[in-house]
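Here the structure is laid out as structure tokens; the discussion comes afterwards.
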Amino acid sequence: MSPFENQIPIVNSEDVILLSSTSSASTSDFKPEVCEVCGDRVNSRRYGASACLGCTVFFRRAIVNKMQYRCLRDQNCFISHTYRCACRYCRFQKCLRVGMQPSAIQRRDIVGPRKTSRDEKSRSPDVIIIDAESENFLQEWASFQKIQFSEHLQYFVDHQVDVAFHKDSSNFVKFRRRARAADVNIMLKLALKQANQKVFVIIDNIFQIVIPPMTIAF
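Take a look at the structure:
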């Protein structure tokens, strides 16, 4: 017998089964926490329910500004991360259903954030936070889209490619042609160029995935 055999612990087969079943159960029970309103990543629970930053800000503004929303459908709109801005009435009602409390909004939430001290400013990272629902951001984004549109048309002219759509005298699109290899090449060149623009750099990464296909003027 080897002198090292006495150092090997003896484990019962039942214990092995118990350990494996326990670890698998704990792994299967783990679920990442998501916003109870739209399913996005949770930012806080300050108003009584787990919510992302967008829904937290939306709920606070609705209460502080005493907003009155109206649903244009049957007051049963589907609220998700992608479509949460489609119907503010149903979004606000879902905030209430999941447990967000208007009474949880404190006075400092109404008057705005408190001033940060010098120490906090020195410790805080250099991060720019933009509210995607703010009017200023939408104006900047609309101006940026106009620049995109004009550059797209100029690229068609420079590369001697006929435009991908045709409009009538009322400026309505009459029909679109199928995309070709030249269109894809132009799209990639513009995407690389415009990705460095200020209004595009500061938006959240998830918007950078969703927005580009919607803004290509093809």
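FYI, UniProt numbering numbers position 94 of the sequence shown as 94, with every residue one higher than the one before it.
Using N, Cα and C, we set each Cβ at its ideal position, and we do this for glycine too.
Predicted model only: the values in this text are computed from it and were never measured.
Comparing alpha-carbon positions, which option in C77, L96, V157 lies nearest C87? C77
Identity of the residue in M187, A181, S143 nearest Q154 by Cα: M187
What is the DSSP secondary structure of A51, counted as helix, strand or coil? strand
Taking Cβ positions, are Y69 and A104 nearer each other than 8 Å? no
Are the Cβ atoms of C71 and I79 separated by less than 8 Å? no
Less than 8 Å between the CB atoms is what I'm expecting for A51 and N43, so what's the real figure, rounded? 7 Å
Which residue or residues does DSSP assign as beta-bridge partners of S44? A51
Is it right to say F149 is buried, meaning 16 or more other beta carbons lie within 10 angstroms of its own, or is it exposed? exposed
Coil, strand or helix - V34 by DSSP: strand
Which residues bound the alpha helix (DSSP H) around C95? 88-97
Compare the beta carbon distance of C95 and V37 with 8 Å and say whether it is the shorter of the two. yes
I need the boundaries of the alpha helix (DSSP H) containing M187, first residue and last residue. 181-194
Have a look at M67, K66, C85 and flag the residue whose alpha-carbon is nearest the alpha-carbon of C55. C85
Which whole-angstrom value describes the C-beta separation of E151 and L190, a residue pair presumed to lie in contact below a C-beta threshold of 8 Å? 6 Å
Note down, in chain order, each residue of its chain lying with its Cβ closer than 7 Å to the Cβ of Q99, except the 5 sequence neighbours on either side. Note that residue 99 is Gly in the sequence shown here, rather than Gln. Closer than 7 Å at the Cβ level, and outside the excluded window around G99, lie G48, A49.
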